[in-house]
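Residue numbers (UniProt numbering), protein chains in the order written: chain A, 1 to 352; chain B, 1 to 352; chain C, 1 to 352.
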Amino acid sequence: MKQKLFYTILIASFLLSGTAHYSGLNTTLQFVLCCIAVIFAAGFMGKATESVAHYAGERMGGFLNATFGNAAELIIAIFLVRDGLHDMVKASITGSIIGNMLLVLGLSVFLGGLKYKVQNFNVMLASHNASLMLLAVVALIVPAIFAKSFTFKEMDMLSTIVAVILIIAYGLWLLFSMVTHKKELSDVSARDPEDHAHTLNWSKGKSIFYLVLATVMVAFISEWLVGTLEHFTETFGLSELFVGAFLIAIIGNAAEHSAAVFLAMKNKIGAAVEIAIGSSLQVALFVAPVLVIVSHFMGDPMNIVFTLYELAAIAIAAVLARSISQDGATNWYEGFLLLVVYVILGIAFFLV
Amino acid sequence: MKQKLFYTILIASFLLSGTAHYSGLNTTLQFVLCCIAVIFAAGFMGKATESVAHYAGERMGGFLNATFGNAAELIIAIFLVRDGLHDMVKASITGSIIGNMLLVLGLSVFLGGLKYKVQNFNVMLASHNASLMLLAVVALIVPAIFAKSFTFKEMDMLSTIVAVILIIAYGLWLLFSMVTHKKELSDVSARDPEDHAHTLNWSKGKSIFYLVLATVMVAFISEWLVGTLEHFTETFGLSELFVGAFLIAIIGNAAEHSAAVFLAMKNKIGAAVEIAIGSSLQVALFVAPVLVIVSHFMGDPMNIVFTLYELAAIAIAAVLARSISQDGATNWYEGFLLLVVYVILGIAFFLV
Amino acid sequence: MKQKLFYTILIASFLLSGTAHYSGLNTTLQFVLCCIAVIFAAGFMGKATESVAHYAGERMGGFLNATFGNAAELIIAIFLVRDGLHDMVKASITGSIIGNMLLVLGLSVFLGGLKYKVQNFNVMLASHNASLMLLAVVALIVPAIFAKSFTFKEMDMLSTIVAVILIIAYGLWLLFSMVTHKKELSDVSARDPEDHAHTLNWSKGKSIFYLVLATVMVAFISEWLVGTLEHFTETFGLSELFVGAFLIAIIGNAAEHSAAVFLAMKNKIGAAVEIAIGSSLQVALFVAPVLVIVSHFMGDPMNIVFTLYELAAIAIAAVLARSISQDGATNWYEGFLLLVVYVILGIAFFLV
Chain A
1 MKQKLFYTIL
11 IASFLLSGTA
21 HYSGLNTTLQ
31 FVLCCIAVIF
41 AAGFMGKATE
51 SVAHYAGERM
61 GGFLNATFGN
71 AAELIIAIFL
81 VRDGLHDMVK
91 ASITGSIIGN
101 MLLVLGLSVF
111 LGGLKYKVQN
121 FNVMLASHNA
131 SLMLLAVVAL
141 IVPAIFAKSF
151 TFKEMDMLST
161 IVAVILIIAY
171 GLWLLFSMVT
181 HKKELSDVSA
191 RDPEDHAHTL
201 NWSKGKSIFY
211 LVLATVMVAF
221 ISEWLVGTLE
231 HFTETFGLSE
241 LFVGAFLIAI
251 IGNAAEHSAA
261 VFLAMKNKIG
271 AAVEIAIGSS
281 LQVALFVAPV
291 LVIVSHFMGD
301 PMNIVFTLYE
311 LAAIAIAAVL
321 ARSISQDGAT
331 NWYEGFLLLV
341 VYVILGIAFF
351 LV
Chain B
1 MKQKLFYTIL
11 IASFLLSGTA
21 HYSGLNTTLQ
31 FVLCCIAVIF
41 AAGFMGKATE
51 SVAHYAGERM
61 GGFLNATFGN
71 AAELIIAIFL
81 VRDGLHDMVK
91 ASITGSIIGN
101 MLLVLGLSVF
111 LGGLKYKVQN
121 FNVMLASHNA
131 SLMLLAVVAL
141 IVPAIFAKSF
151 TFKEMDMLST
161 IVAVILIIAY
171 GLWLLFSMVT
181 HKKELSDVSA
191 RDPEDHAHTL
201 NWSKGKSIFY
211 LVLATVMVAF
221 ISEWLVGTLE
231 HFTETFGLSE
241 LFVGAFLIAI
251 IGNAAEHSAA
261 VFLAMKNKIG
271 AAVEIAIGSS
281 LQVALFVAPV
291 LVIVSHFMGD
301 PMNIVFTLYE
311 LAAIAIAAVL
321 ARSISQDGAT
331 NWYEGFLLLV
341 VYVILGIAFF
351 LV
Chain C
1 MKQKLFYTIL
11 IASFLLSGTA
21 HYSGLNTTLQ
31 FVLCCIAVIF
41 AAGFMGKATE
51 SVAHYAGERM
61 GGFLNATFGN
71 AAELIIAIFL
81 VRDGLHDMVK
91 ASITGSIIGN
101 MLLVLGLSVF
111 LGGLKYKVQN
121 FNVMLASHNA
131 SLMLLAVVAL
141 IVPAIFAKSF
151 TFKEMDMLST
161 IVAVILIIAY
171 GLWLLFSMVT
181 HKKELSDVSA
191 RDPEDHAHTL
201 NWSKGKSIFY
211 LVLATVMVAF
221 ISEWLVGTLE
231 HFTETFGLSE
241 LFVGAFLIAI
251 IGNAAEHSAA
261 VFLAMKNKIG
271 AAVEIAIGSS
281 LQVALFVAPV
291 LVIVSHFMGD
301 PMNIVFTLYE
311 LAAIAIAAVL
321 ARSISQDGAT
331 NWYEGFLLLV
341 VYVILGIAFF
351 LV
């Protein structure tokens, strides 16, 4: 019964949002419809991810989720690069990284922690994620430090080389975590014995199909939603930095948000951390460098130099996420701390 | 016999310092008397804390000690805010944070380490303290980074919001550490079997009364002592930054200093770390934000923007204290390192 | 047979390089001869170190190796200080620190990790090394932060005091690690049972003599090699910062490089980490301060203020090396990450 109602609203809200978008209805109505649709599509995505994770193991499920979640962002960002909106792209990359590490991880750890006193996950995975995140921070900070001494051409060259190096590093990370050291990085989180009762009886193939379908739906709705934002920006007088780093990032990551929280509340904190941190890493080590390289083929090269505010936000998020995840155990207060820092950064970006 | 002599000097030095202060005696004499009185009052406070900790557990004892110790500082700082001495207040907040994390922690670990080869304490507590300290550093650094782009009014608003958030975070930390996760954060330090022989036979009520009495005495003496400092500043030509960050902070924290060292040398390093780090956290997360809010009611709002030198000192102290405490084990060399960094910072502040 | 060939080339290449140097042959030929000679001399040094480590324990062997390796650098740097080339000295100090922490450690961990899935070493040692490295970073950053507010004389005084403090800290570290806590810091790396079959049958005295002999040879060849660099700098238009921080540092540390890699591939990662991190620490805590003090006796005092680029590189290397070594276990991907960051820094320094 409940299930039927869920799928009815999912399909109805998706079709209505699409109709509203293409028929050019009132923007406020479009915005409300898209918000409802994205919540249900993300819920659907969470279920599909859980089902795939059931077959593939929590980490592979988390990786799939992060990848599908970021596919939508990558497509949106490529359109922004095409239009030469480099600052907006960088702001949304920043927002996506800190949104995942502070908001998604914070909500998952906080809500999971309210239900379970202490939640555990693989320490070695946490330690590697931290080192990778440090690499991303270093790769973004080095060009900014040297920016003043460089000519435009030298900076362009450094950006391209760093981008290529990051993509290679990300590829080798997949080789390392999925092939050579798969076993060492596997999950240790306690499985809920009731778990199987809740599991939907989807086959392996059906689960994967539903995951892809959910991702496509989220991508469409996200784009429609982003389209309505410009209207809101003008009406409420928000800065582009705030819109890029907070609104676009929060909506673009809605799927990861609800999927991670959903898993954390089922005591699968390992998968939730993998979605949150893994998604940040993918944005920093794969999405951002790909955009730098793609921009060269579009005739208007984008460099990899972020502003001081963006770098400070990324570095703070990385250091805090690392401090909290490095013992492989989480509780509600640690989630609260992550959320607090997100709010402080949000207020600062809003006031700038 | 020994006990009697101790209490005689305690009372005598307290009364003499008070008389010297209110009768306006020679400042150098006042200074010497106050120094003697503060040493004995702090010793008394250490005994009372140990007795309360005996009944309440080491952590609660450490928390009580930190709280009573900082009450004195908070009162002194409110008087400074009233007089509009915002820079002096911020310097003394900085000094109190680095004094506790480098000098108090350093002395405790060093002297405790000379007696015991390795001293252990609860790793989970250390990890949480580190994350909280990071929050404090972030909360102090973010306003400073954005300070240039902000108007006076925006900075005032950000300061107030950050102050309220920090007080909420500190309140929830007490809820977390004293209620929901009390057991997980409890101490593991080996108890000295001889311990009970040394314990004073004070009842629970008497112990608490003596702790309050000792705190009140320390607060009075500290204020008298601070009063004599201006004279010394002029005579020896010291900068206000150095006086605020080093002299006021060292004297204002004399109680924590001796209590923590006293406990460390009895192998209760867990309580010593709790006093040192807990006191830093309380200053950063409670005393500083309360002063920002209180300043609004006094008509001369103080913002939360610290100077580069102060932020660098706080960040360095937090990173080093974290690096040394994160394994839950300490030795004399780690204490020495903390002291060395305190000395280097002290020389730099002195020369500025 | 193989052994004989090795020693023949070792001696021949050493004699030929020397002849080429003193007879003033073609610089390119000198350069090639010195490169061959340094590879063989370093190989000889690795063998001697392994043999001494067999008698003295891995850590003492690593310490000896680091010390002999840096003796050569110290001598070269003193000649540079005498000639007033302060910037070149600081660049080579920077290069030596990051070269050891990123290149030597990275290569050891990477190549060792290709052969052994996970390599373990003493966690307490790693934690202490990290804290010491933090002290070094703090000691180098504090003077740079305060540099603007200081007069030339004040900066000179701060540099001298910091230099003396660092030398004392390094002396106490030797006391701590070799005397008071020797046992706690001992190695846990699994010993290869085949190990003894490979061991050369050198006596204790012979091993020590060969280690000293190898060090002297490396020192001579390094100096001849550095002499040919100026020619190359002019021919290829390289900046002095790049030459000091990368070329001189790589060649000056060739011995540590090959010795550490040699040990890592024999699964003695504990000794390899000790060489890499220990050598960085020695440069930062002993070589650099000694040069500051020595410069006073040469009439042209060198201060301890490094450029922003150098400090950023040192801080990044320290944070990354710490993040990767703090769990006491390494694998090929961690080695790869260290190498990647070294390459990114190298490109940035090259383009500056």
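From the three backbone atoms N, C-alpha and C, an ideal C-beta is built for every residue, glycine too.
Mind checking which residues open and close the alpha helix (DSSP H) that includes P143 (chain B)? On the second sequence, position 143 is the one that residue 143 (chain B) refers to. Here the alpha helix (DSSP H) through P143 (chain B) covers 123-146.
How about F63 (chain A) and G278 (chain A): are their beta carbons less than 8 Å apart? As a working mapping, residue 63 (chain A) is identified with position 63 in the first sequence. As a working mapping, residue 278 (chain A) is identified with position 278 in the first sequence. The Cβ atoms of F63 (chain A) and G278 (chain A) lie closer than 8 Å to each other.
Since A249 (chain C) and S17 (chain C) should fall inside the 8 Å C-beta cutoff, what is the C-beta to C-beta distance between them, to a whole number of angstroms? Position 249 of the third sequence, counting from 1, holds the residue named residue 249 (chain C). Position 17 of the third sequence, counting from 1, holds the residue named residue 17 (chain C). Separation of the CB atoms of A249 (chain C) and S17 (chain C) is rounded to 20 Å, and the pair is thereby denied contact status at 8 Å.
Nearest to D87 (chain C) (by Cα), restricted to the options C:S131, C:Q119, C:G299, C:L241: Position 87 of the third sequence, counted from the start, is the residue given in the question as residue 87 (chain C). Ranking C:S131, C:Q119, C:G299, C:L241 by Cα distance to D87 (chain C) puts C:L241 first.
Quick check on S131 (chain C) - is its C-beta less than 8 Å from some C-beta in chain B? Reading the third sequence from its first residue, position 131 is the one you call residue 131 (chain C). With a threshold of 8 Å between beta carbons, S131 (chain C) makes contact with chain B.
Could you list which residues in chain A have their beta carbon closer than 8 Å to that of L134 (chain C), in chain order? Position 134 of the third sequence holds residue 134 (chain C). What L134 (chain C) touches in chain A: nothing, since even the nearest Cβ is about 14 Å away.
Cβ-Cβ separation, A260 (chain A) to V52 (chain A) (assumed contact under 8 Å), whole Å: Numbered from 1 along the first sequence, position 52 holds the residue referred to as residue 52 (chain A). Numbered from 1 along the first sequence, position 260 holds the residue referred to as residue 260 (chain A). Between A260 (chain A) and V52 (chain A) the Cβ distance is about 15 Å, and since that is not below 8 Å, they are no contact.
Mind checking if Y333 (chain A) is an interface residue toward chain B, Cβ cutoff 8 Å exclusive? Taking the first residue of the first sequence as position 1, residue 333 (chain A) is located at position 333. It does: the Cβ of Y333 (chain A) has a partner Cβ on chain B nearer than 8 Å.
What are the start and end residues of the alpha helix (DSSP H) that includes D300 (chain C)? For the purposes of this step, residue 300 (chain C) is taken as residue 300 along the third sequence, with counting starting at 1. Going by DSSP, D300 (chain C) is part of no alpha helix (DSSP H) at all; its letter is neither H nor E.
Indicate whether M155 (chain C) and N303 (chain C) have their beta-carbon atoms separated by less than 8 Å. For the purposes of this step, residue 155 (chain C) is identified with residue 155 of the third sequence, where counting begins at 1. For the purposes of this step, residue 303 (chain C) is identified with residue 303 of the third sequence, where counting begins at 1. Yes, they are a contact pair.
If you drop the 5 nearest sequence neighbours on each side, which residues of the same chain put their C-beta closer than 7 Å to that of V243 (chain A)? Counting from 1 along the first sequence, the entry for residue 243 (chain A) is found at position 243. Hits under 7 Å: L229, T233.
Step through the CB atoms of chain A and report whether any lies within less than 8 Å of the CB of H181 (chain B). For the purposes of this step, residue 181 (chain B) is identified with residue 181 of the second sequence, where counting begins at 1. Cβ-Cβ to chain A under 8 Å: yes for H181 (chain B).
Proximity of Q326 (chain C) and S127 (chain C) at Cβ, strictly below 8 Å: Within the third sequence, numbered from 1, the residue matching residue 326 (chain C) stands at position 326. Within the third sequence, numbered from 1, the residue matching residue 127 (chain C) stands at position 127. The Cβ atoms of Q326 (chain C) and S127 (chain C) lie closer than 8 Å to each other.
Could you tell me the alpha carbon to alpha carbon distance between Y7 (chain A) and I168 (chain B), rounded to whole angstroms? For the purposes of this step, residue 7 (chain A) is taken as the residue at position 7 of the first sequence. For the purposes of this step, residue 168 (chain B) is taken as the residue at position 168 of the second sequence. Between Y7 (chain A) and I168 (chain B), the C-alpha separation is close to 40 Å.
Between the CA atoms of V352 (chain B) and A136 (chain C) - distance to the nearest angstrom: As a working note, residue 136 (chain C) is residue 136 in the third sequence. As a working note, residue 352 (chain B) is residue 352 in the second sequence. Cα-Cα distance, rounded: 21 Å.
Going by the beta-carbon positions, is the gap between M265 (chain C) and G112 (chain C) smaller than 8 Å? Counting from one through the third sequence, the residue named residue 265 (chain C) turns up at place 265. Counting from one through the third sequence, the residue named residue 112 (chain C) turns up at place 112. For M265 (chain C) and G112 (chain C), yes; Cβs fall inside 8 Å.
Does any C-beta atom of chain B lie closer than 8 Å to the C-beta of K2 (chain C)? Within the third sequence, numbered from 1, the residue matching residue 2 (chain C) stands at position 2. For K2 (chain C), no Cβ of chain B is located within less than 8 Å of the residue's own Cβ.
Counted within 10 angstroms of its Cβ, other Cβ atoms place N129 (chain C) as buried (16 or more) or exposed: Position 129 of the third sequence holds residue 129 (chain C). In summary, N129 (chain C) is buried, with 16 or more beta-carbon neighbours lying within 10 Å of its beta-carbon over all protein chains present.
Return the bridge partner residues of T330 (chain B) from the DSSP annotation. Reading the second sequence from its first residue, position 330 is the one you call residue 330 (chain B). Here T330 (chain B) is bridged, per DSSP, to B:Q119.
List the whole-angstrom C-beta distance separating A276 (chain C) from M101 (chain C), where the pair is believed to meet the contact cut-off of C-beta under 8 Å. Counting from one through the third sequence, the residue named residue 276 (chain C) turns up at place 276. Counting from one through the third sequence, the residue named residue 101 (chain C) turns up at place 101. Confirmed, about 7 Å.
By a C-beta neighbour count over all protein chains shown, 10 Å radius and 16 as the cutoff for buried, is G299 (chain C) buried or exposed? On the third sequence, position 299 is the one that residue 299 (chain C) refers to. Burial call: exposed.
By how many angstroms is the C-alpha of L337 (chain C) removed from the C-alpha of V290 (chain A)? As a position in the first sequence, residue 290 (chain A) is number 290, starting the count at 1. As a position in the third sequence, residue 337 (chain C) is number 337, starting the count at 1. Just so you know, the alpha carbons of V290 (chain A) and L337 (chain C) end up roughly 19 Å apart.
Can you find the residues in the same chain that come closer than 7 Å, C-beta to C-beta, to R322 (chain B), ignoring five residues on each side of it along the sequence? Your numbering for residue 322 (chain B) matches position 322 in the second sequence. Closer than 7 Å at the Cβ level, and outside the excluded window around R322 (chain B), lie A130, M133.
CB contact flag (A41 (chain A), Y210 (chain A), <8 Å): Numbered from its first residue, the first sequence carries residue 41 (chain A) at position 41. Numbered from its first residue, the first sequence carries residue 210 (chain A) at position 210. For the pair A41 (chain A) and Y210 (chain A), the CB atoms are not nearer than the 8 Å cut-off.
For A288 (chain B), which residues from the same chain have a beta carbon less than 6 Å from its beta carbon, with the 5 sequence-adjacent residues on both sides left out? Working through the second sequence from its first residue, we reach residue 288 (chain B) at position 288. Sequence-distant Cβ neighbours of A288 (chain B) in its own chain, meaning closer than 6 Å and more than five residues away, are I93.
Rounded to whole angstroms, what is the Cα-Cα separation between A197 (chain A) and K2 (chain A)? Indexing the first sequence from 1 puts residue 197 (chain A) at position 197. Indexing the first sequence from 1 puts residue 2 (chain A) at position 2. Confidence in A197 (chain A) is poor, its pLDDT being 41 and thus under 50, which makes the residue's placement too unreliable to answer from.
Measure the C-alpha to C-alpha separation of A12 (chain C) and A139 (chain A) and round it to an integer number of angstroms. As a first step, residue 12 (chain C) is located in the third sequence; it is residue number 12 there, counting from the start. As a first step, residue 139 (chain A) is located in the first sequence; it is residue number 139 there, counting from the start. Those two C-alpha atoms are separated by around 44 Å.
With a threshold of 16 other CB atoms inside 10 Å of the CB of M178 (chain B), please say whether the residue is buried or exposed. Position 178 of the second sequence, counting from 1, holds the residue named residue 178 (chain B). Residue environment for M178 (chain B): exposed (fewer than 16 other C-beta atoms within 10 angstroms of its C-beta).
What residues in the UniProt domain "Sodium/calcium exchanger membrane region" (207-345) of chain B bring their beta carbon closer than 8 Å to a beta carbon of chain C? Cβ proximity to chain C below 8 Å picks out L308, Y309, A312, I316, V319, L320, S323, I324, Q326, D327, A329, N331, W332, Y333, E334, F336, L337, V340, V341, V343, I344, L345 from the UniProt domain "Sodium/calcium exchanger membrane region" (207-345) of chain B.
Output needed for V162 (chain B): all residues of its chain with C-beta closer than 7 Å, excluding positions within five of it in sequence on either side, in chain order. Here residue 162 (chain B) corresponds to residue number 162 of the second sequence, with the count starting at 1. Cβ neighbours of V162 (chain B) within its own chain (closer than 7 Å, five residues either side excluded): A139, P143, I304.
Would F152 (chain C) and G328 (chain C) qualify as a contact pair, given that the criterion is a beta-carbon distance under 8 Å? If you number the third sequence from 1, residue 152 (chain C) lands on position 152. If you number the third sequence from 1, residue 328 (chain C) lands on position 328. Result no, Cβ atoms of F152 (chain C) and G328 (chain C) do not sit closer than 8 Å.
Cβ-based contacts, 8 Å cut-off: residues of the stretch 131-160 of chain B near chain A: Taking 8 Å as the upper bound on Cβ-Cβ separation, chain A lies near residues S131, L132, L134, L135, V138, A139, I141, V142, P143, I145, F146, S149, F150, E154, M157, L158 of the stretch 131-160 of chain B.
So what's G24 (chain C) in DSSP terms, helix, strand or just coil? Numbered from 1 along the third sequence, position 24 holds the residue referred to as residue 24 (chain C). In this structure, G24 (chain C) counts as coil in the three-state DSSP scheme.
What do you get for Y309 (chain C), buried or exposed, if any count of 16 or more other CB atoms within 10 angstroms of its CB means buried? On the third sequence, position 309 is the one that residue 309 (chain C) refers to. Buried, since its Cβ has 16 or more Cβ neighbours within 10 Å.
C-beta contact flag for I165 (chain B) and V343 (chain A) at 8 Å: Looking up residue 165 (chain B) in the second sequence gives position 165. Looking up residue 343 (chain A) in the first sequence gives position 343. Their beta carbons are under 8 Å apart, which means I165 (chain B) touches V343 (chain A) by this criterion.
A169 (chain C) versus chain B: which residues are under 8 Å apart at the beta carbon? Translated into the one-based positions of the third sequence, residue 169 (chain C) becomes position 169. Those are F336, L337, V340, listed as they occur along chain B.
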